[in-house]
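Enquirer: In the numbering used here, the protein residues as written are 1039 to 1093.
1) Taking the DSSP output, what are the residues bridged to residue 1084?
2) Which residue comes first and which comes last in the alpha helix (DSSP H) that contains residue 1044?
3) Can you give the Cα-Cα distance for residue 1073 and residue 1040, rounded to whole angstroms?
4) Since residue 1043 and residue 1071 are thought to touch, with beta carbons under 8 angstroms apart, how far apart are those beta carbons, to the nearest angstrom?
5) Between which two residues does the alpha helix (DSSP H) holding residue 1067 run?
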């Protein structure tokens, strides 16, 4: 059985790593999504790809 995972959601149709992209990926038939979770300096998890942005 082949599973299809949407990389950061449906990132070609919506801004990546957003709720809209995740929802759209499901509507398009993705079996799962890959997302980036980072921990800020204040120990808050956030969904974001760029580790070089200030927390």
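C-beta atoms are modelled at their ideal positions from N, C-alpha and C, and glycine is treated no differently.
These figures come from a predicted structure and were not determined experimentally.
Expert: With the given structure in hand:
1) Taking the chain shown and counting its residues from 1, the one referred to as residue 1084 is at position 46. 1076.
2) The residue labelled residue 1044 in the question sits at position 6 within the chain shown. Where residue 1044 is concerned, there is no enclosing alpha helix (DSSP H), although the beta strand (DSSP E) it sits in stretches over 1043-1045.
3) Along the chain shown, one-based indexing puts residue 1073 at 35. Along the chain shown, one-based indexing puts residue 1040 at 2. Computed Cα separation, rounded: 20 angstroms.
4) Walking along the chain shown from the start, residue 1043 turns up at place 5. Walking along the chain shown from the start, residue 1071 turns up at place 33. In this structure residue 1043 touches residue 1071 by the C-beta definition: roughly 6 angstroms separates them, less than 8 angstroms.
5) Position 29 of the chain shown, counted from the first residue, corresponds to residue 1067. Here residue 1067 belongs to no alpha helix (DSSP H), and DSSP marks it neither H nor E.
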